[in-house]
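Report on the following structure.
There are 2 protein chains.
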Amino acid sequence: MLRLTKKADYGLMALKYLAEQAGPVPAAEPDAHVSLAQSAKDIAEAYHIPPQLLAKILQTLAKAGILVSHAGTNGGYALARPASQITAFEVIRAIDGPLFITSCITIHGACDLTSHCTIKEPLRKVNDSIKDLLSGIRISDLIETSESRPGTETAVGGGLISIAL
Amino acid sequence: MLRLTKKADYGLMALKYLAEQAGPVPAAEPDAHVSLAQSAKDIAEAYHIPPQLLAKILQTLAKAGILVSHAGTNGGYALARPASQITAFEVIRAIDGPLFITSCITIHGACDLTSHCTIKEPLRKVNDSIKDLLSGIRISDLIETSESRPGTETAVGGGLISIAL
DNA sequence: CTCAATCCCGACCGTTAAGGTCTGGATTGT
DNA sequence: ACAATCCAGACCTTAACGGTCGGGATTGAG
Ligand code: FES
Ligand code: FES
Chain F
4 MLRLTKKADY
14 GLMALKYLAE
24 QAGPVPAAEP
34 DAHVSLAQSA
44 KDIAEAYHIP
54 PQLLAKILQT
64 LAKAGILVSH
74 AGTNGGYALA
84 RPASQITAFE
94 VIRAIDGPLF
104 ITSCITIHGA
114 CDLTSHCTIK
124 EPLRKVNDSI
134 KDLLSGIRIS
144 DLIETSESRP
154 GTETAVGGGL
164 ISIAL
Chain P
4 MLRLTKKADY
14 GLMALKYLAE
24 QAGPVPAAEP
34 DAHVSLAQSA
44 KDIAEAYHIP
54 PQLLAKILQT
64 LAKAGILVSH
74 AGTNGGYALA
84 RPASQITAFE
94 VIRAIDGPLF
104 ITSCITIHGA
114 CDLTSHCTIK
124 EPLRKVNDSI
134 KDLLSGIRIS
144 DLIETSESRP
154 GTETAVGGGL
164 ISIAL
């Protein structure tokens with residue numbers, strides 16, 4: 004249930020990476036772009052993800068106005084805005100499209116039993132809540148999660164995604 | 004993104020239906036079962052959904068302890084508990100399995116780049132938030148979608164879901 | 001006892017989308 | 001001129017989803 008695609012995961016990782024690269028902004032360059040340009044290949048190698056796939060994701064993000072791109076020898080991608088002004092919601096939406104939980108959104112608008120479905124409305128509210136939740140998360144929120152223990156690898160904390168209840 | 008499967012949708016619809024049938028409980032039968040038994044076929048016809056598919060969904064729900072079943076001529080399904088004690092989360096979980104947004108849960112435990120993934124932890128928190136959100140929704144919340152008691156709002160539309168990163 | 005109405009279980013199948021690859025072309029700094 | 005990039009599609013493979021089928025096990029009714 005409620006599955007976030009790997010593409011969106013990759014996209015968020017890449018954005019976080021870019022935000023980190025541009026992290027210590029010397030506050031001496033108020034114009035131009037927000038962060039340094041990084042090539043798709045570099046980012047892909049940093050995270051060991053398929054380079055060509057990430058390339059396409061970054062292109063999508065660029066088309067959505069979240070990234071700016073620059074071709075050429077020292078080209079690459081940079082954040083179009085400060086990391087604090089990019090929400091997880093718009094990233095996910097840009098990559099995965101406007102799909103939502105109802106599963107009743109076919110290409111024809113709505114599913115054929117939309118007139119009999121009695122839980123459509125409450126589900127829409129859940130949908131909105133999740134949207135709000137995601138909209139409240141900014142890229143800048145991702146960069147300082149577990150940064151305090153140098154040396155030790157993360158993910159040592161045992162139960163990764165145990166999903167237990 | 005974040006797509007709820009149609010099966011879960013159907014399951015919720017069926018549960019709501021059962022809850023409605025048993026709605027005006029005369030409070031004179033504190034024992035036995037909570038609601039009247041309805042056959043899978045009846046429920047399927049009420050909503051115009053594939054009967055055989057719904058049958059399987061109800062079986063799953065019964066196995067999960069959410070419904071009780073009774074074979075025989077006047078058999079059918081009934082809620083195993085009052086509708087106010089069944090959450091949307093456990094329904095979805097019973098039907099769609101313990102899948103969650105991370106998309107990094109393969110059958111082998113975790114995805115192979117779990118050691119490089121830097122956003123796993125923040126994502127897990129989002130996950131938990133959604134889980135909490137869904138856990139706060141009860142079947143009884145579905146039956147009075149509009150114009151209900153002003154005292155007991157569904158707490159869904161309020162957007163009071165905050166996430167701490 | 002017999003029978004019909006049910007629930008139960010597993011196998012099966014078609015469609016779709018996700019994840020990933022490949023090829024060719026358009027920019028642009030050096 | 002050339003290499004490093006970005007860009008835009010056309011593919012491919014696999015797995016999950018949505019749905020179907022048939023056979024078997026219960027159980028109330030007549
Ligand atoms: S089944 Fe389509 S709106 Fe619920
Ligand atoms: S990509 Fe697997 S944990 Fe994020």
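Residue numbers (this note's numbering), protein chains in the order written: chain F, 4 to 168; chain P, 4 to 168. We treat Cβ as the ideally placed atom computed from N, Cα and C, and that holds for glycine.
Reduced DSSP secondary structure (H/G/I, E/B, other) of residue i
| i | result |
| --- | --- |
| F/Thr63 | helix |
| P/Ser72 | strand |
| P/Ala31 | Below a pLDDT of 50, predicted positions are generally treated as unreliable, and P/Ala31, at 44, falls in that range; no measurement from the model is reported. |
| F/Arg96 | helix |
| P/Arg127 | helix |
| F/Leu5 | coil |
Residue i vs residue j beta-carbon contact at 8 Å
| i | j | result |
| --- | --- | --- |
| F/Ala40 | F/Tyr80 | yes |
| P/Gly75 | P/Ser42 | no |
| P/Ile140 | P/Thr90 | yes |
| F/Ala86 | F/Ile142 | yes |
| P/Ile133 | P/Ile98 | no |
| P/Ala58 | P/Gly68 | no |
| F/Leu7 | P/Ile122 | no |
| F/Leu18 | F/Val94 | yes |
| F/Pro54 | F/Lys66 | no |
| F/Leu56 | F/Leu64 | no |
| F/Asp144 | P/Pro125 | yes |
| F/Phe92 | F/Ser138 | yes |
| F/His73 | P/His51 | no |
Min CB distance residue i to chain F below 8 Å
| i | result |
| --- | --- |
| P/Leu21 | no |
| P/Ala94 | The residue you asked about is not Ala; residue 94 of chain P is Val in the sequence shown. False, the Cβ-Cβ gap to chain F never drops below 8 Å. |
| P/Ile60 | no |
Cutoff 8 Å: residue i Cβ touching any chain P Cβ
| i | result |
| --- | --- |
| F/Ile110 | For F/Ile110, the predicted structure reports a pLDDT of 49, less than 50, and the residue's modelled location is therefore unreliable. A value from the coordinates is still provided. By this cut-off, F/Ile110 is not an interface position. |
| F/Thr105 | yes |
| F/Leu70 | no |
Segment limits, alpha helix (DSSP H) that includes residue i
| i | result |
| --- | --- |
| P/Leu82 | Segment 79–82 is the beta strand (DSSP E) holding P/Leu82; no alpha helix (DSSP H) there. |
| F/Ser143 | 142–145 |
| P/Gly14 | 9–24 |
| P/Ile46 | 43–50 |
Chain-ordered chain F contacts of residue i [CB-CB under 7 Å]
| i | result |
| --- | --- |
| P/Ser42 | Ordered by position in chain F, no residue passes the 7 Å Cβ test against P/Ser42, which lies about 18 Å from the chain. |
Interface residues of chain F facing residue i [CB-CB closer than 8 Å]
| i | result |
| --- | --- |
| P/Ile133 | Leu5, Ile133, Leu136 |
Chain F residues whose Cβ lies nearer than 9 Å to that of residue i
| i | result |
| --- | --- |
| P/Tyr50 | Leu116, His119, Cys120, Thr121 |
Contact list for residue i against chain P, beta-carbon separation under 7 Å
| i | result |
| --- | --- |
| F/Leu15 | Ile122 |
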